[in-house]
Every structure is written in C-alpha cells, then in structure tokens.
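Below is one structure, written out as structure tokens, with a few remarks after it.
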Ligand SMILES: Cc1cc2nc3c(=O)[nH]c(=O)nc-3n(C[C@H](O)[C@H](O)[C@H](O)COP(=O)(O)OP(=O)(O)OC[C@H]3O[C@@H](n4cnc5c(N)ncnc54)[C@H](O)[C@@H]3O)c2cc1C
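Chains as they are written, first to last, in the working numbering: chain A, 467 to 1238; chain B, 436 to 727.
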C-alpha cells in the first residue's frame, strides 16, 4: 500500500507561527492585573535553618505575599519517583538550588528586594561534594537513608574467568560533564486562581498530568480542580520533566486574590536551580579475544545526583542497562550507584545515562580494534546482537535491531570510504584531521516497573475536520505534525484537516510523558489506535443515513462512500455532512484510543527496570580537525545513521539528528556546569559554552529503517540516541588525528593541549633515554 | 539602586554631553552600544544614577585619514571598521580584530569607544590599537588631552579618564608600505567568546624574502592590561622569519606575560598559548607574505 502522508516531508503544521514569532512563549504572555513571583535560595550548599522571619519582607510596600513551608497546605515535597525534595525548606538546606521562601509583589524589582528582607538564620554544615566520598562511612548523611539513593547490579557469566582467558584487556576511567539543558525558555509560567475556585497552571513541562498530581499533593487538593497547560514551546530536553515552578505558582496564586502570578527564572537562577545531567565517573574493564570477539565487560559507574533523587535512580539503571553497547558480551559484571551530594540537582536529560557509558564502551571498541589491527566497523559488526539474539544482559532481544545495517551504511558512506583523502586535506600545516565512528542504542519508553501507556482522542469538528488530542506535549520537537500525519493517513484526509491539541489536562487524555524517546512511538500508536474507531463512527453514521449495512460503507479520499451490491461506488457523503447528521441527532462525535506499551515480562534481577522491549539504534561517523598549537578541535563533518524504524517524517528526523549531533558535540567539546564546593562557578551563557552555528559541522542524515512491528507504521523512537555515539566518535576522531585519548570531558582546547604536551614530554624523555 | 530608578538622558550634541558630564554631581556613565553596559547593569555591577546615552551623536561616528593619522570616532561600530576600505588598506590588524568581536549582532551594536571604555584586558580591539600606536583623545568642557594607548589603561576596568571626560577620537598610525598585520584570538569556541588569549602583530617586511625590518606585538588577557611583547619584537629583526625563526621568537613569549587562572583557563595554559598564538600568527603572516 502506498502511503499518502507517512514517510513524507510534511512541513511542520506549526512552522509558520514559530518562525514569524507569532507563537508566544508562555512567559511572554501578559495579564493586566498580574503580579510577580520570586523564589528565595539559600546562600550555602548545606546548612541548618535555625530560624526564619518574614516580617520585614511582608512590610515592604508592594509586597503581596511571603510564603514559607508553613504555608504549604499539603505535603511539603516533590519528586517523580520519591518526593524527597522539599517544596520549601523547613529545617535544612541541601543545595543552593533549594527553595526557602516565595514572594509575590507588584513588580519584579520589589519582589527581588523583598527576598533580601527575609531573615534566615543558618548554621553552616560541611558540604559533601564528591560522589565517591559520599558513599563512604565518614561522609555526613544528607538524607535519612544515607547517601546512596540507588544501587544496581547486573551479572551474567563469569567475568574473572573470562579476564584470565582474554588476549587483550583494557581498563580506563572516564569522567563526564554536568551538561545543562540550556533550553531557550528558562523555567517559568503562570498561576491563576479562577473565579470558580479552580487553579490554572500555565507552565511548559513534559507531562501535564503528573505535574498536576504533584501540585495536588502539595496543596492537598483534588487534582480535578487543577488544570495544567504545558505546551507548545520553550524546549526541555528532560529539564522540565520534573516539577520546575508549578508548585510555587500554585501556592502563590492562592494568596494573590485571583491576580495571575508569574515566575520566570533569569538565566542565572536557572543555572543554579535547574536540573542538570548527572556527572558520572565510569570505570570500565573490557576483554576480547585476538580475533576481536568481546569476552567480558566490567563496569562501575557512579552518578552524582546532587541533593535530590528526581529521576536519578532511573538514570543509573538505564546507564547500566546500556553500558555494554549493542553488543553480545557473554560475561558481564555491571554495577552502578546513584549518590546524593550537595552539588545542585541532577535529573532527566536526553540520553538518560547512556551518553556517559557509551563513551566508555565505544572508546574501548576503538582501542581494541587499533591494538588488534581490525577495522573499527568490522569489529563492531562482529560483536553486535541481532533481533532474536541474547544480549549482554542475558535476555532475548525481541524488538527490531538496526545496528548492523547502520554500520553497513557507515562503511559505505562517502566520508568513511574516502576518509584518507579527506584527512589529507588539512587547512593549515599545523592542523591534523581524524575520522572515527561510534555506535549506540537507547531504550524507547519506560523500563519494567513503570506502567507505560498511550492514549489519544479524535473528535469530528464542524466542517469535517478532526481534532486530535494527545497528552504528550509539543515542546519544540515537532511530534504534533507526526500525529497529524498518522491521523490523516488512516482517516484518508489532508494533514491540514487535522487540528492537533497537546499538553492540556482539560483537553487531552493522559498519555504519558514526552520523554524516553517515546512520543512518536506512543503518541503515534495512540492516534493509530483511535483512528479506526473514528472510521467506525463515520461508516456507522453513513450506513444509518443511507439505510444500508456498515459493510457497504467505506472511508476513501476525504469522503464516506457507499458501494452497491456489485462493489461499485454509488453515492458519498463528506465528513462535514456526517458531522451535521451527528450534531442534529445529538450523537457523540468523539472517539478514544488506548494501549499499553509492550514490555518484557521478566526484569533482570537487580537492574532497576531493565531490559526495554524496544531500542532505537544509531551510528555516527565524524571528522574533526585539531589545531596542534592550541588544542582546539573543530568538528567538520558528521554522518548520522539512525535506525528509527519507519521514518514518519524525514524532515522531522533530520531536525532531531542535526540538533542531537550539535548537542553531542557540545557535550564532547565545550559544555560543563562547574560546581566547586557546592557553589556554581558557571553563572550564565557567558561562561557556559554552547556550540554556536559557527561551531556546527555539515551534518548528513541517512536513516535505515528496521521496521518495528509494534510501532505505528513500523516506527520506533530516536529523540535521544541522536546525541549519543557522536560523543565517543568525536573523541576517537581526536585520537585518530593527533594520537591522544581524552577521558575527561569536555575535551576543551586546554585538555587536548595538555594531553599533547604530556605526550611530547614523554617522547622527549624516552628519546633522551635512548640517547643515553 | 534598582534599574527602574536609573535615569537616562540622550544629549543632542557633544557640547551638551560634556556639560552634563561636568555638572552632574552623582554617578553618571556613558552608554554607547550598550553591549557591555546593559550586561553589567543586569548583573548589578553598573548601576549609575544616570545613563548618558550617546548612541545618537552622529558626529562621533567616523573613519577618515588626516595629516596626523587615521581618525576613528568612538561611536564607530565594529561592523563599520570591518567594512572600511581605508582600514582594510592601512590598518588590517584592526579590521581582523573587529571581525573577531562577538558575532554579527554584537558587532553591529558595539563600538570601539565602548571597547576602550570597558577596559577589559581581553578587549579584542585593544591589542590592535597598541601595535598601531593609537592615541586616545579625551575631551571635557576644559579642553582636550591626548593619551598614548600604552598609558591609557591603569588596570582591569580602569583608565586615566576623569569623570568629566569622554573619548572623542582615536588616532592610529597608518601601516606603511610592506607592513602587514594579523590578529589571533583563542576563545573557547568560534563566536561569542571572550578571549582566553589574544595577540595583535604588525610587521614591516624589508622587501623580498623573510627578513623583517621591525614589528610590534601586543598580547591581551595575559596581564592586568594589554601589554607589548618587546623582547619578542627585538628578535623579529635578528633572524629570518622562517619556521625555525618563528618558533624561536614564539618560544620567548611566555617570558613576557603574567596571566591568572580563572573559570575560562589556567595560568599555565594561557602562558603556553601566548607562545602558540604568536607562532600561529607569524606563520599565517608569512604565508600571506609569500602568497602576496
Ligand atoms: C554576547 C557578547 C559578546 C561579546 N564579545 C566580545 C568579543 O568577542 N570581544 C570583545 O572585545 N568584546 C566583546 N563583547 C563586549 C562588548 O561588546 C565590546 O566591548 C563593545 O565594543 C562595547 O561597546 P559598546 O558600544 O556596546 O559599549 P557600552 O556597553 O555602551 O559601554 C561600555 C563602557 O564604555 C564606556 N564608554 C562608551 N563610550 C565611551 C566614550 N565615547 N568615552 C568614554 N567611555 C565610553 C561606557 O560608559 C561603559 O563604561 C561582547 C559582549 C557581548 C554581550
């Protein structure tokens, strides 16, 4: 069957209003009688609160409300998995990202001034700022249960024995940066107490229904009295998965007499208070046979989750699940800790722990290949698992697996075939070029233990158009256009006849998060589940109108057609006419579709949720040029080869592949939020170095489509893996260019230069020794 | 001081501007392109009682050649300098430096007067002005003073300018025949980057070959103010500027600098980078000289 919409370069339906700026950021809305909210942060990373006095702040003219923990009607805590983060601190602060009090005032400046008038008496405590120290007995316990938030272990085979039998063993330690989401719109939004006593929270997020539950828990309210609107713009990348300011907005809105209250973090506040990626220390020991067959992998990963858990436990579980790459390694011993410290807060971020471990296994693949003299693609092909194989974790992989095909495509791409030629084309004599590849994978949807489901509604509108409602937010990625394509394909209409509504608890069903590479798969499949119900509704109505049985009616090409006994088209009705009939007869015009995501039945013992039923796969080929005088690295070309299953919208996929590549380059070469002794040294975008367009390479995307039978039209998910292998590939390409391996990311000019210098000193020394 | 309490006046003429500078008793600060001023106001560092907005003073935006040198008005933007054929011909090093400032938007708003006024040791146009022997003209109601650029800066953010004064002209020497210049910048990325180290070089070549008749070198971001590298300058004429000669001169650069460690880079790296940038700059200059 040829498809009309699936796999087509359908321009984004919301494209024009985005590029013209007509679509507003929520924090750019304005209400005439609005008030400003601000949050008080502690000056110390770890301290006891001895007393608090808000009198002076309350007396400042223009101040409308000053709130502390005493003003929280319900539970003083939030957190997706365990609510261990206080909404407003009561007796202790564990990070400078904590919130101590809230202010609402007539102007932002008065609110700011009021913050300075809140008197808090602190007793400073020694901060715990090293994750490895935090695990030890001597470390102060930041939470009642100690500093280990979670500990996961996966064991398979016998690693020690394998190490004895191996021909080659590599052991290295890798450090990864505290990457910042750096979304264009910082955390912010509006809280409005409506006339009927309900609350409306307008705040960009990644799961309106869960935000609503977390707000309700803090307010001790029936969640049905809270409406959360969380779409359609701002960017998130995981950084708005957890509660950001929703509860503060709700609390303040209860004290402003119905006036809308706005909070909008300045970038400086976002840097301190916002979630970050977990910095990891990954110790990895990998063994192989002479012919390149992987024998064993031993991993110890320690993740610094900062003061609170958020999704840290899930991040370390995913890291361990993915720590052997998409390979078959018969003997593994994998262990991960998620640890509390006083270093800000870490949580969900695109890649979710996989970035950090991929760097380890892919670097080792490269080193093994080099040492054994095997081609880096060949050695990977030799070790990858295929659909139906047993993975390193010991489970049979049931979903579609495209790694081999992506490697095959990499081997045949121009950059790889002609790499020696391109490497020789250096721009200046003191520069050197390198080309490298890396491959990775990423689970789609939640792991075992977290119920994962999708839902969508479709409503026939006057005039014959359809409103498709999907819970999954639009936060900039373009999933709404995917939903319209799926709906239009099945309903046999134009994409422009589809109105997509997302991220609004009053207008959409709960369909889970827009995270975990799941929104195309889940939302798409939910729409594909609802659409046949709409077809039924249409054919049934037409059958009634014509007085024929439903079997004689079919939807085709924007119409409902009645066929005569010979199967010839007899007459037809437009969708608009069907709507009129249903409306006149007061009949329902809305259908729903629900489904559960497929899951593995058996959890791998101790893994905290592994394995996933589905994974997306991707291989990157990268060319860099290194300036040997300064240590600067420039990424010149990237080839991104995703296996996304069926590509529903190639243009959307390229958008993800390109954005992901640049975000991966940022992780590999530039970005780190520096915290020393619990205090942020990075303050804003002057010293948090994001790649700009000038640092962005030429990026080509060549998808391979390994269809996933459970997905909508065979689609999987790709939102995270697009940024993962490029990290290791870039670092390996630096090695290919100048012969040094950077294991502490980002590979800033200073780190690359230091490595070059150390190597030079070493060779000088050994030359001297040779002379003597 | 809250931002909303700050006043702003936009004088129509330079005389009016100098009057206000002279008479206004409380803290006043000039506002040109605002690309430094607004950032520092937001951060709470610069909260004067009055902003004196001079962006509209068209008379202070010019580039022209006079008997005593090339005159550049303080309100000349970085883009103006990049596009000036006079500067391209006779002050290439300043054009290169202006090209490296921020990105297009910043170059369209930011001015050379503002770059001097901020007096950052990392200011990108300043090393170029050093090697072009710039003279800074300061005006007040009492008259004019002319200060050689090497005496203009006192320390980071500090200059010899008095409260009642403003920069009204920047005079540079035009490059001579066979004089070529280059500006090298090392930032953490390619655009919108504060220099970790930068260097401006202007060399007078003696006709054919790789012999240099004399030259000037100035480093930024490696000392409390921009500094000249006089030892390296002397070496320029003592040997041919082939690969070996260049390497010899560059290796001396670290003796000229006294950098600090901060979030952007360590002192040790900055020191090594003064050598690296000087080497890279000289190599590129000689390539250009060879290809001319
Ligand atoms: C994103 C970004 C990137 C940047 N990148 C760079 C860069 O790469 N390199 C670089 O060097 N700088 C950079 N800057 C800093 C800034 O853009 C430059 O220093 C610019 O030249 C300042 O000019 P302005 O006209 O905007 O100055 P303003 O901000 O208006 O003023 C700066 C200071 O100069 C004083 N001043 C202005 N005019 C005069 C005058 N006529 N007489 C006396 N004092 C005066 C003001 O009172 C103020 O103290 C960057 C800034 C930003 C925001």
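The C-beta atom is built at its ideal place from N, Cα and C for all residues, glycine as well.
Asked	Found
Just by C-beta distance, which residues in the segment 674-708 of chain B are closer than 8 Å to chain A?	698, 699, 700, 701, 704, 707 and 708
Any C-beta of chain A sitting closer than 7 Å to the C-beta of residue 625 (chain B)?	yes
So for residue 563 (chain B), helix, strand or coil by DSSP?	helix
Please name the residue or residues paired with residue 746 (chain A) in a DSSP beta bridge.	A:769
Rounded to the nearest angstrom, what separates residue 932 (chain A) and residue 926 (chain A) at their Cα positions?	5 Å
Quick one: give me the first and last residue of the beta strand (DSSP E) that residue 711 (chain A) is part of.	Looking at the DSSP string, residue 711 (chain A) is not in any beta strand (DSSP E), and its letter there is neither H nor E.
Identify every residue that forms a DSSP beta bridge with residue 1020 (chain A).	A:1027
Just tell me which of A:1190, A:633, A:1110 and A:806 has its CA closest to the CA of residue 1178 (chain A).	A:1110
Ligand 1 and residue 550 (chain B): does any heavy atom of the ligand fall closer than 6 Å to the residue's C-beta?	yes
Under 7 Å, Cβ to Cβ, is there at least one residue of chain A near residue 715 (chain B)?	yes
Hey, residue 659 (chain A) and residue 533 (chain A): beta-carbon distance below 7 Å or not?	no
Taking 8 Å as the limit between beta carbons, can you name the residues of its chain near residue 882 (chain A), skipping five residues before and five after?	843, 876, 901, 903, 1087 and 1105
What residue range is occupied by the uninterrupted alpha helix (DSSP H) comprising residue 668 (chain A)?	It is not in any alpha helix (DSSP H) - residue 668 (chain A) instead sits in the beta strand (DSSP E) that spans 665-668.
Is residue 634 (chain A) close to ligand 1? I mean its beta-carbon at under 6 Å from any heavy atom of the ligand.	no
I want to check one thing, is the minimum distance from the CB of residue 444 (chain B) to the heavy atoms of ligand 1 below 6 Å?	no
Can you find the residues in the same chain that come closer than 6 Å, C-beta to C-beta, to residue 818 (chain A), ignoring five residues on each side of it along the sequence?	781 and 784
For the segment 478-563 of chain B, which segments carrying the alpha helix (DSSP H) assignment without a break, of at least 4 residues, lie completely within its bounds, in sequence order?	513-518, 520-525, 527-534, 539-544 and 547-553
For the segment 1151-1173 of chain A, enumerate the residues whose C-beta is nearer than 9 Å to any C-beta of chain B, in chain order.	1151, 1152, 1153, 1155, 1156, 1157, 1158, 1159, 1160 and 1161
Scan the segment 1206-1237 of chain A for residues whose Cβ lies nearer than 8 Å to a Cβ of chain B and list them as they occur along the chain.	1214, 1215, 1216, 1219, 1220 and 1223
Measure the C-alpha to C-alpha separation of residue 481 (chain B) and residue 1148 (chain A) and round it to an integer number of angstroms.	21 Å
Should residue 1161 (chain A) be listed as close to ligand 1, given that the test is whether its C-beta is under 6 Å from any heavy atom?	no
DSSP puts residue 1146 (chain A) in a beta bridge; with which residues?	A:1141
Could you round the C-beta distance between residue 710 (chain A) and residue 531 (chain A) to whole angstroms and report it? I think they count as a contact, below 8 Å.	The pair is not a contact, with the Cβ atoms about 20 Å apart (cut-off 8 Å).
What does residue 438 (chain B) touch in chain A if you count any residue whose Cβ is under 8 Å from its own?	575
Compare the C-alpha of residue 957 (chain A) against each of A:969, A:986, A:1003 and A:944 and name the closest.	A:1003
Three or more C-beta pairs under 8 Å: does that hold for the segment 504-514 of chain A against the segment 560-575 of chain A?	yes
Please look up how many angstroms separate the CB atoms of residue 1118 (chain A) and residue 922 (chain A), rounded, as I've assumed it's under 8 Å.	Not really, about 18 Å apart at Cβ, beyond 8 Å.
Where does residue 1193 (chain A) land, buried or exposed, given buried means 16+ other C-beta within 10 angstroms?	buried
Quick one: give me the first and last residue of the alpha helix (DSSP H) that residue 789 (chain A) is part of.	Run containing residue 789 (chain A): none; DSSP gives neither H nor E here.
Hey, which unbroken runs of the alpha helix (DSSP H) at 4 residues or more fall wholly within the segment 605-690 of chain A?	625-631 and 674-685
Alpha carbons only, please: which of A:1210, A:1218, A:544 and A:1076 is nearest the one belonging to residue 1202 (chain A)?	A:1218
To the nearest angstrom, how far is the alpha carbon of residue 439 (chain B) from that of residue 494 (chain A)?	20 Å
Touching or not, the segment 552-561 of chain B and the segment 628-643 of chain B, by the rule of three or more beta carbon pairs under 8 Å?	yes
Quick one: residues in its chain with C-beta nearer than 7 Å to the C-beta of residue 716 (chain B), no 5 flanking neighbours on either side, listed in chain order?	617, 619, 634 and 636
Could you tell me which uninterrupted beta strand (DSSP E) segments, each at least 3 residues in length, are contained entirely in the segment 840-881 of chain A, listed from first to last along the chain?	none
Listed from N- to C-terminal order along the chain, which residues in the segment 444-475 of chain B have their beta-carbon within a distance smaller than 9 Å of any beta-carbon of chain A?	474
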